[in-house]
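Enquirer:
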Amino acid sequence: DQQVKQNSPSLSVQEGRISILNCDYTNSMFDYFLWYKKYPAEGPTFLISISSIKDKNEDGRFTVFLNKSAKHLSLHIVPSQPGDSAVYFCAASRSINSGGSNYKLTFGKGTLLTVNP
Amino acid sequence: EPEVTQTPSHQVTQMGQEVILRCVPISNHLYFYWYRQILGQKVEFLVSFYNNEISEKSEIFDDQFSVERPDGSNFTLKIRSTKLEDSAMYFCASSEKFSPLHFGNGTRLTVT
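What follows is the structure, given as structure tokens:
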């Protein structure tokens, strides 16, 4: 099942620089997307979401961009901090509006972000 | 900040045994879920639960699995006769309506 793909298993950036995490999806019925962060021995923690009616959503240092035509979304973290080092999961779902549910999430495999001091 | 709590953090069981994984969702949440992650694989949806009944389940959630909310605070996942391939990290989550899911720290189930 490759409906949500995160092609980079890992990413390393310097503190203070921008981190860009990418995610592609194949199911055109997906219209609600989320990013979760996961530290070792903890559960995924919600970061930010975006509905398909938008192409950008911003929350502090985190911005998610959605390109529906390319079926691509990205998470930008600016500036990156060492505490951001974690696995980042992209997740997608069909919302209530499209006959699905916001909670049945299809996850990518995750990208391990390392922010070096 | 309120959190979802799961017990135990690690459960080891023998193949064929029944296991119950426990979760305490966030107190004002009404929607409850179980997801799992087999080592090296993706986090997968198992089941959602609302108003004391299953709202939706995946093809993974077969007759060996059941969920229950036995009281006002706990939410459990039971596997009746565990198989080796049930070994995974099981995540409980809860949410308000139309809100992002809040996950617990997971229970690592090892079936030997």
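Which chain is which? The protein sequence lines are D and L, in order. Take 1 as the starting number for the first sequence in our numbering and just add one per residue. Take 118 as the starting number for the second sequence in our numbering and just add one per residue. Cβ atoms here follow ideal geometry from the backbone N, Cα and C, with glycine treated the same way. Bear in mind that the values here come from a model prediction, so they are computed numbers and not experimental data.
(1) Between which residues of its own chain and L:Arg186 is the CB-CB distance below 8 Å, once the five residues before and five after are set aside?
(2) With DSSP as the reference, please indicate the residues paired to D:Leu113 in a beta bridge.
(3) For L:Ser126, count neighbouring C-beta atoms within 10 Å of its own C-beta (all shown protein chains included) and say buried if the count is 16 or more, exposed if not.
(4) Name the DSSP bridge partner or partners of L:His127?
(5) Quick one: is D:Ile53 buried, meaning 16 or more other Cβ sit within 10 Å of its Cβ, or exposed?
(6) Whole angstroms is fine: what's the gap from L:Leu138's alpha carbon to L:Thr124's?
(7) Could you name each continuous beta strand (DSSP E) segment of 3 residues or more that falls completely within the segment 166 to 205 of chain L, going from the start of the chain to the end?
(8) For D:Arg61 and D:Asp31, what's the separation of their Cα atoms in angstroms?
(9) If you draw a straight line from the C-alpha of D:Ser51 to the C-alpha of D:Ile77, how long is it?
(10) Decide if L:Gln154 is buried, meaning its Cβ has at least 16 other Cβ atoms within 10 Å, or exposed.
(11) Buried or exposed, going by whether 16 or more other CB atoms sit within 10 Å of the CB of L:Val184?
(12) Where DSSP assigns a beta bridge to D:Asn22, which residues make up the other side?
(13) Specify whether the segment 18 to 33 of chain D and the segment 60 to 74 of chain D touch according to this definition: at least 3 beta carbon pairs, one from each stretch, less than 8 Å apart.
(14) Identify whether D:Asn97 lies in helix, strand or coil by the three-state DSSP scheme.
(15) Is the shortest distance between the beta-carbon of L:His219 and the beta-carbons of chain D less than 8 Å?
(16) Determine the burial state of L:Asp188: buried for a count of at least 16 other Cβ atoms within 10 Å of its Cβ, exposed for fewer.
Expert: In this structure, then:
(1) For L:Arg186, the CB contacts under 8 Å within the same chain, skipping 5 residues up- and downstream, are Phe149, Phe166, Asn169, Phe192, Thr193 in chain order.
(2) According to DSSP, D:Leu113 shares a beta bridge with D:Leu11, D:Ala86.
(3) That one is exposed.
(4) DSSP lists L:Arg225 as partners of L:His127.
(5) Flag for D:Ile53 reads exposed.
(6) Put simply, the backbone Cα of L:Leu138 is about 7 Å away from that of L:Thr124.
(7) Listed in chain order, they are 170 to 174, 182 to 185, 192 to 196.
(8) Rounded to whole angstroms, D:Arg61 to D:Asp31 spans 23 Å at the Cα level.
(9) Those two C-alpha atoms are separated by around 19 Å.
(10) With a 10 Å radius around the Cβ and a threshold of 16 neighbouring Cβ atoms, L:Gln154 comes out buried.
(11) Buried, by the Cβ-count rule.
(12) Paired residue(s): D:Ser74.
(13) Proximity of the segment 18 to 33 of chain D to the segment 60 to 74 of chain D meets the contact definition, three or more beta-carbon pairs being nearer than 8 Å.
(14) DSSP places D:Asn97 in the helix class (H, G or I) of the three-state scheme.
(15) Yes - at least one Cβ of chain D is within 8 Å of the one on L:His219.
(16) With fewer than 16 Cβ atoms within 10 Å of its Cβ, L:Asp188 is classed as exposed.
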